[in-house]
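**Student:** Protein sequence lines, in the order shown, are assigned to chains C and S. If you're matching positions, the first sequence starts at 4 in my numbering and goes up one per residue. If you're matching positions, the second sequence starts at -18 in my numbering and goes up one per residue. Virtual Cβ for every residue (Gly too), placed ideally from N, Cα, C. One structure follows; several queries about it will come next.
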Amino acid sequence: MEERIDSVEGIRQWTGSIPLHYEYTAGVAGERFLRGLAQGKIQAGYCANCKEASLPLRIYCIKCYGGVERSVLVRSAGKVAALTKTQFGQGGERLGEPVAFAYITFEGVTGGLVHRVADGVRVGSSVRPRFKPKRKRTGSILDIEFFERDLRPRTS
Amino acid sequence: MEKAGRSTIVLLKTGRVEIIGVGYEGFRPVVSDLSTRELMFQAASKAYDDASVNPRRDVGSFICCTEDLWEGWSITDEMVPDQIGAAGRPLCTIPADAVTGLGTAVMHILSGLAEVVVLEAHSKAADVLDKNAVEVMAQEPSLLRPLGATSDTLAGLEMDAFLRTSGFSLKDVNRAVVRGKASALRNPRASYGGKFSEADVESSEILSSPLRVADKAEFAEAGIVLVLASEAWAKKNKRDSVGIDGVAWNSSLPWIEGGEMSVSGYAQRSYSDAVRRAGFKGDLEDFDILELDDTYSYKLLQHLLSLAGTKAAARRILSGKRTALNPSGGSLGVGNLVEASALHRLLECALQLRGEAGSIQVKGAKKALVQSWRGIPTGTGGVAILSR
């Protein structure tokens, strides 16, 4: 006959964890993109067949599946397509202050980037990346501290 | 199997595949008295009894939909066979939702690999102490994960875009939550039913604006098993059954990777493929029951809009006059069963079509549709069409 558990204290359980750590290979496209960030540049892939620039940078085109050998500098200001203010961190901890994230698209480029944005940014805002000082960049997405409103005058 | 675009379609050329038995156990926030294996054993035993099959003799193939990180156990497939009666028998695990698992089962049967197939999925989500860590591990590791965003952050972004572009409002989202919770009150399998007002939802704590606590399905635990057989086997052995008319699944480009934010391409393509394979000529409104993924409240509306094609058609379904939308209460009411969520939707539809859904029975239900989604940050899901 099975033992009937009638109190929480009586429940038997075993606590364990999976201590796993990884080192992800950046790859050809990833390294090009991350090296670009270290130089203060955002690069998109350019498919010569589809004549289309896209983010994130890949060595293949998701539309035609052809190889993407060229990358192009994203020169245009970003535009905030969606915005959220998150209250909790990745460990489930409550953040002292909400952190704003946005999905940012760029004119002439399909796709976009998720990143943190500065206060005052709204959906539709024109934004540009605020890079860390050059000496502090490591070739990481975090070389961009956040995107902030682009207050530069528009040039036509 | 044929390829169309990026969809995988199962061709039902040689008769239908039938659901001849169902079994389940749990459906509580925490199943504290059963281990994962015991939960599976209980569900499987009930399904075999319901189908009048002996798994050691009658079943040709076993399929389990499971993901190692949710199990806390790598190469989980080694730990699956015994408790569902599959020791020494053909078994595979699929790290995908159960509509994909159903498609695999259908292929096993129609290819002649097996006449009877068992499909299992379960959730022991309460065993996972670091659910956030599992979810964060789903993010792309170099460009996304370092930013500190959570699944809710990404859901917040998608919800924001959806509300800006779809024509649905936060009020519509509030109503979806109220409806799911209310339906769940009558479902004995639901853990999170309740009488909520729109104001209650409105005042729910913000997770990542505009996403609130009430917009997100809470985790629950259950084990679910379906027994499937060829139409010929079911007839020959005189089994009562529910037919699978069509099933399809699809991976569209997640919006994070450059895909669309306001519609679900995976749902649209799966639906059109499943409908075509089923030879179904009607509209979404011609189904008696829709069980659509509502892991997040706005996703229900997004999925509905993606399948219905127009906002007007989606709104007609939301009015509830003709088609029952998530009569089970959905994930918002029943709970997020992780990899078992889609199997739960299939279970609810099978019970409905058998006329065994009790207090949530949709009178005269003959045709049902299940739609699944693999969750943040994926653009993967499927559609299955069932009838009786």
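Hey, could you find the ends of the alpha helix (DSSP H) His24 of chain C is sitting in?
**Tutor:** It is not in any alpha helix (DSSP H) - His24 of chain C carries neither H nor E in the DSSP assignment.
**Student:** According to DSSP, which residues form a beta bridge with Phe143 of chain S?
**Tutor:** Its beta-bridge partners do not exist; DSSP assigns none.
**Student:** Taking the C-alpha atoms as reference points, what is the distance between Met242 of chain S and Tyr63 of chain C?
**Tutor:** Those two C-alpha atoms are separated by around 22 Å.
**Student:** Write down the C-beta distance between Ala323 of chain S and Glu202 of chain S rounded to the nearest angstrom, noting that I regard them as a contact closer than 8 Å.
**Tutor:** With a Cβ gap of about 16 Å, Ala323 of chain S and Glu202 of chain S do not count as contacting.
**Student:** Please tell me whether Ser172 of chain S and Pro10 of chain S are closer than 8 Å, where the distance is taken between their beta carbons.
**Tutor:** Yes. Within cutoff.
**Student:** Would you kindly work out how many angstroms separate the C-alpha atoms of Gly316 of chain S and Gly114 of chain C, rounded to a whole number?
**Tutor:** Their Cα atoms are separated by approximately 33 Å.
**Student:** How would you label Gly363 of chain S, buried or exposed, when you count the other beta carbons within 10 angstroms and need 16 or more for buried?
**Tutor:** Counting Cβ neighbours within 10 Å, Gly363 of chain S comes out buried, since at least 16 surround it.
**Student:** Just the C-alpha distance for Ala103 of chain C and Lys88 of chain C, rounded to the nearest angstrom, thanks.
**Tutor:** Spanning the two alpha carbons is a distance of roughly 4 Å.
**Student:** For Asn52 of chain C and Ser287 of chain S, I'd like the C-alpha separation in whole angstroms.
**Tutor:** Asn52 of chain C and Ser287 of chain S: Cα-Cα distance of roughly 30 Å.
**Student:** Distance cutoff 8 Å, beta carbons only. Does Leu100 of chain S sit that close to anything in chain C?
**Tutor:** False, the Cβ-Cβ gap to chain C never drops below 8 Å.
**Student:** Run through DSSP, which three-state label would Thr81 of chain S get?
**Tutor:** Looking at Thr81 of chain S - three-state DSSP - the assignment turns out to be helix.
**Student:** Kindly list the residues whose CB is nearer than 6 Å to the CB of Phe149 of chain S, restricted to its own chain and excluding five residues on each side of it in sequence; keep chain order.
**Tutor:** So the list reads Leu282, once near-sequence residues are dropped.
**Student:** What's the gap between the Cα of Glu72 of chain C and the Cα of Lys44 of chain C?
**Tutor:** Distance between the alpha carbons of Glu72 of chain C and Lys44 of chain C is about 18 Å.
**Student:** Work out the CA separation of Ala289 of chain S and Cys330 of chain S for me, nearest whole Å.
**Tutor:** Cα to Cα, Cys330 of chain S sits roughly 19 Å from Ala289 of chain S.
**Student:** Using 8 Å as the threshold, is the C-beta distance between Ser104 of chain S and Val319 of chain S below it?
**Tutor:** Result yes, Cβ atoms of Ser104 of chain S and Val319 of chain S sit closer than 8 Å.
**Student:** Does the beta-carbon distance from Glu186 of chain S to Val194 of chain S come in below 8 Å?
**Tutor:** It is a contact, given that the beta carbons lie within the stated cut-off.
**Student:** Pull up the DSSP beta-bridge partners for Ser57 of chain C, would you.
**Tutor:** Looking at the DSSP assignment, Ser57 of chain C forms a beta bridge with C:Gly48 and C:Thr113.
**Student:** Report the option in S:Ala102, S:Met88, S:Ala305 and S:Thr291 whose CA atom is closest to the CA atom of Gln64 of chain S.
**Tutor:** The option with the nearest alpha carbon to Gln64 of chain S is S:Ala102.
**Student:** How many angstroms separate the CA atom of Pro71 of chain S from the CA atom of Arg140 of chain C?
**Tutor:** Distance between the alpha carbons of Pro71 of chain S and Arg140 of chain C: 52 Å.
**Student:** In three-state terms, what does DSSP make of Glu116 of chain S?
**Tutor:** Helix, per DSSP.
**Student:** How long is the line joining the alpha carbons of Leu210 of chain S and Leu332 of chain S, rounded to whole angstroms?
**Tutor:** The identity of residue 210 of chain S in the sequence shown is Ala, whereas the question assumes Leu. So the alpha carbons of these two residues sit roughly 17 Å apart.
**Student:** Counting only Cβ pairs nearer than 8 Å, list the residues of chain C close to Arg145 of chain S.
**Tutor:** Chain C residues near Arg145 of chain S: Ala85 and Val126.
**Student:** For chain C, is any of its Cβ atoms less than 8 Å away from the one on Ala(-15) of chain S?
**Tutor:** With a pLDDT of only 45 at Ala(-15) of chain S, under the threshold of 50, the placement of this residue in the model should not be trusted; the figure read from the coordinates follows. No, Ala(-15) of chain S lies away from the interface with chain C (no Cβ there is under 8 Å from its Cβ).
**Student:** If we define contact as Cβ-Cβ less than 8 Å, is Ile107 of chain C a contact residue for chain S?
**Tutor:** Not closer than 8 Å to any Cβ of chain S, the Cβ of Ile107 of chain C fails to qualify, so no.
**Student:** Give a yes or no on whether 8 Å exceeds the smallest Cβ distance from Met4 of chain C to chain S.
**Tutor:** With a pLDDT of 45 at Met4 of chain C, under the threshold of 50, the modelled position of this residue cannot be trusted; read the value that follows with caution. No, no contact with chain S.
**Student:** Going along chain C, which residues have a C-beta under 7 Å from Pro76 of chain S?
**Tutor:** Chain C residues near Pro76 of chain S: none, gap ~16 Å exceeds 7 Å.
**Student:** How many angstroms separate the CA atom of Arg37 of chain S from the CA atom of His284 of chain S?
**Tutor:** Using only the alpha carbons, I get a separation of about 40 Å.
**Student:** Which two residues bound the contiguous beta strand (DSSP E) that contains Arg131 of chain C?
**Tutor:** It spans Ser129 to Phe134 - the beta strand (DSSP E) in which Arg131 of chain C sits, taken as one unbroken run.
**Student:** Spatial neighbours of Asn155 of chain S within its chain, please: CB distance less than 7 Å, with the 5 preceding and 5 following residues excluded, ordered by chain position.
**Tutor:** So the qualifying residues of the chain are Glu179, Val182 and Glu183.
**Student:** Give me the subset of the segment 61 to 95 of chain C whose CB atoms are less than 8 Å from a CB atom of chain S, sorted by chain position.
**Tutor:** Going along the segment 61 to 95 of chain C in chain order, one finds Ile65, Ala84, Ala85, Leu86, Thr87, Lys88, Thr89, Gln90, Phe91, Gly92, Gln93, Gly94 and Gly95 with a Cβ nearer than 8 Å to chain S.
**Student:** Can you list, in chain order, the stretches of the beta strand (DSSP E) that have 3 or more residues and sit fully within the segment 1 to 76 of chain S?
**Tutor:** Counting only runs of 3 or more, we get 42 to 46 and 72 to 75.
**Student:** What do you reckon, are the CB atoms on Leu327 of chain S and Ala79 of chain S nearer than 8 Å?
**Tutor:** Yes, the pair counts as a contact, with Cβ atoms nearer than the cut-off.
**Student:** According to DSSP, is Tyr277 of chain S helix, strand or coil?
**Tutor:** Strand.
**Student:** Find the residues of chain S that neighbour Thr113 of chain C, judging by a C-beta separation of less than 8 Å, and give them in chain order.
**Tutor:** Under the 8 Å cutoff, chain S gives Gly239.
**Student:** Starting from Arg152 of chain C, trace the beta strand (DSSP E) both ways and give me its first and last residue.
**Tutor:** Taken as a continuous stretch (DSSP letters only), the beta strand (DSSP E) holding Arg152 of chain C covers Ile147 to Arg152.
**Student:** With a cut-off of 8 Å on the beta carbons, I'd call Ile44 of chain S and Ile75 of chain S a contact; round off their distance for me.
**Tutor:** So it is a contact: roughly 6 Å between Cβ atoms.
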